[in-house]
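Report on the following structure.
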Amino acid sequence: MIDLQWIRANTEVAKSRHSKRPSTSSEEIDHLIALDALRRSAQGKLDEAKTEANAAAQEVGKLFQTGQTDKAELLREQTKELKATITSLEQTMREANDALNAHWIQLPNLAFDEVPEGKNEEDNQEVRRSDRPCREASTPHWEIAEHLNLLRMDLGVKLSGSGFPVYVGHMAKLQRGLVAYFLDEANKAGYAEFQVPHLVNEDSARATGQLPDKEAQMYEATLDGLYLIPTAEVPLTNLYRDALIQENELPIKITGYTPCFRREAGSYGKEVRGLNRLHQFDKVEIVQIVPPKHSEAAHQNMVNHVESLLDSLEMPFRILNLCAGDLGFAAGITYDFEIWSPGQSRWLEVSSVSNFGTFQTNRLRLRYRDKDNNKIKPHTLNGSALAIPRIVSGLLEQGWDGEVVHLPKVLHAYLGTDRLTKQDVRL
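Last residue of the sequence shown: 864 (this note's numbering), numbering continuous.
Printed below as a string of structure tokens:
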């Protein structure tokens with residue numbers, strides 16, 4: 438959640454940053470401030486009544502000790518009315534708190550100053566692109582995969598429905614090899630590897646901002662109150678929920694591979710053909726937790742890491758600074774990486790690297806203790822490093838020579854070959 442204490446002190450700046458998103462308005466911040474004022478007023482009245490009740494109780498005790506029984510009984514009767522007032526004020530406090538939280542949790546993160554204005558993806562700003570030339574129009578990956586017998590979307594439909602691929606033989610090995618390569622590179626960059634659950638509870642999904650914003654896009658195991666994860670970001674970041682860590686433990690750098698599950702894949706058109714949009718896909722995620730003063734540098738470090746992966750895979754790519762209208766709910770700033778698809782003559786997103794500031798920290802109730810014993814909110818960041826299916830589609834289209842798919846050198850040792858050829862796997 439956005440930092441309410443900071444908003445109280447910087448209301449006009451908060452309203453300006455909040456209203457950069459076209460779906461939001463400054464009035465939402467005004468309403469938040471008003472609800473916060475009501476809660477603080479209710480808390481003040483409740484605290485005052487409790488203080489008065491405690492003082493009265495102490496006075497009653499003194500009166501009994503000094504033998505002033507009549508006065509003590511009279512004052513005790515008066516405190517009963519005060520207790521009823523406290524009960525009423527506690528109810529008022531609960532209602533004020535519930536109203537504040539119900540509004541507060543619906544508000545997205547405040548867009549950072551560096552985020553450009555804009556309504557949608559057409560307004561995203563290109564930061565830079567690789568020097569590698571974009572290949573001219575060629576065969577789309579789904580035709581290559583069919584020719585080489587690498588992918589069976591029809592069997593996925595048979596097993597689960599549309600958007601669930603079945604990778605065959607060499608393609609399955611390519612997926613496994615990419616995961617291993619990406620994890621190895623993350624380890625070299627100082628990320629500790631975790632294997633985490635693929636189902637999380639509501640508290641976890643809420644803490645990283647998937648709930649309530651993306652509830653309709655998540656698969657829910659309703660009988661058990663669990664959600665299939667849309668990204669490893671959720672369980673990885675929640676490892677530190679309700680934690681108080683020491684400053685010398687920062688930065689925390691962790692990584693993990695998981696399947697990801699999303700309901701929003703779509704069902705028709707060129708944009709959802711083949712591996713473009715799936716309900717289930719594999720991804721390696723990197724996460725950092727850092728002191729606020731190191732947040733910007735950590736973000737750039739993660740961007741550089743993803744850039745190095747794409748360079749090593751010999752893929753043309755570009756980096757976009759997402760505009761306010763295309764920015765995710767929990768993110769303060771996001772850089773998207775897109776690779777060139779010669780088979781579709783368009784750019785395809787393969788990674789998002791985001792800085793959340795204290796937005797997730799507030800929900801996680803995560804703090805670190807500095808050298809002066811102060812409890813500080815760290816910043817959280819994460820990025821895809823990388824999402825596998827579109828990398829696979831890019832490798833097929835970039836490496837296709839009409840007969841085989843030539844693979845980049847960094848993958849040869851992982852696959853035991855330098856190419857993908859037609860295979861005879863009967864199903």
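We put the CB at the ideal spot given by N, CA and C, even for glycine. Quantities reported herein were computed from a predicted structural model and do not represent experimental measurements.
By the Cβ test, the region 686-701 is in contact with the region 709-721, since at least three Cβ pairs between them sit closer than 8 Å.
Assignment of residue 824 by DSSP, reduced to helix, strand and coil, places it in the strand class. When only Cα atoms are considered, residue 637 and residue 671 end up about 8 Å apart. Taking the C-beta atoms as reference points, residue 469 is found nearer than 9 Å to residue 540. Sorting 587, 531 and 841 by C-alpha distance to the C-alpha of residue 861 places 587 at the top.
At a cut-off of 3 residues, the continuous stretches assigned as beta strand (DSSP E) that sit fully inside the region 703-734 are 717-727.
Closest in C-alpha terms to residue 826, from the list 613, 842, 484 and 513, comes 613.
If you compare the alpha carbons of 556, 474 and 692 with that of residue 674, the shortest gap goes to 692. Excluding sequence positions up to five before and after residue 855, its CB lies within less than 7 Å of the CB of 843, 844 and 849, all in the same chain and listed in chain order. In this structure, DSSP gives residue 618 a helical state, which the three-state scheme calls helix.
Contact between residue 770 and residue 792 is confirmed by a C-beta separation of about 5 Å, below the 8 Å threshold.
523 is the residue among 677, 736, 523 and 464 whose C-alpha sits nearest the C-alpha of residue 488.
Residue 638 is bridged by DSSP to 663. Residue 486 and residue 537 have their C-alpha atoms roughly 22 Å apart. Annotation: residue 555 is outside any alpha helix (DSSP H) and is labelled neither H nor E by DSSP.
Linking residue 772 to residue 863 through their CA atoms gives a straight-line distance of about 42 Å. Here residue 443 is not bridged, per DSSP, to any residue. Taking 8 Å as the upper bound for CB-CB distance, residue 689 and residue 820 are not in contact here, some 14 Å apart.
Counting C-beta atoms within 10 angstroms of its own C-beta, residue 817 has 16 or more neighbours from the protein chains shown and is therefore classed as buried. In this structure, the straight-line span from the alpha carbon of residue 778 to that of residue 785 is close to 7 Å. In this structure residue 545 touches residue 766 by the C-beta definition: roughly 5 Å separates them, less than 8 Å. Look at the region 444-510 and you find these whole runs of alpha helix (DSSP H), each 4 residues long or longer: 448-455 and 463-502. Secondary structure of residue 856 (DSSP, three-state): strand.
Scanning its chain for C-beta atoms nearer than 7 Å, with the 5 sequence neighbours on each side dropped, one finds around residue 439 the residues 544, 546, 547 and 796, in chain order. In this structure the region 622-638 lies against the region 661-671, because at least three pairs of beta carbons, one per stretch, are closer than 8 Å.
Distance from the CA atom of residue 504 to the CA atom of residue 491, rounded to whole angstroms, is 20 Å.
For residue 792, the enclosing beta strand (DSSP E) covers residues 783-792. Taking C-beta atoms under 8 Å as the contact rule, residue 787 and residue 828 qualify, at a distance of about 6 Å. Sequence-distant Cβ neighbours of residue 530 in its own chain, meaning closer than 8 Å and more than five residues away, are 476, 479, 480 and 483.
Residue 579 places its beta carbon less than 9 Å from that of residue 712.
Restricting attention to 858, 808, 452 and 748, the CA atom closest to the CA of residue 622 is found in 748.
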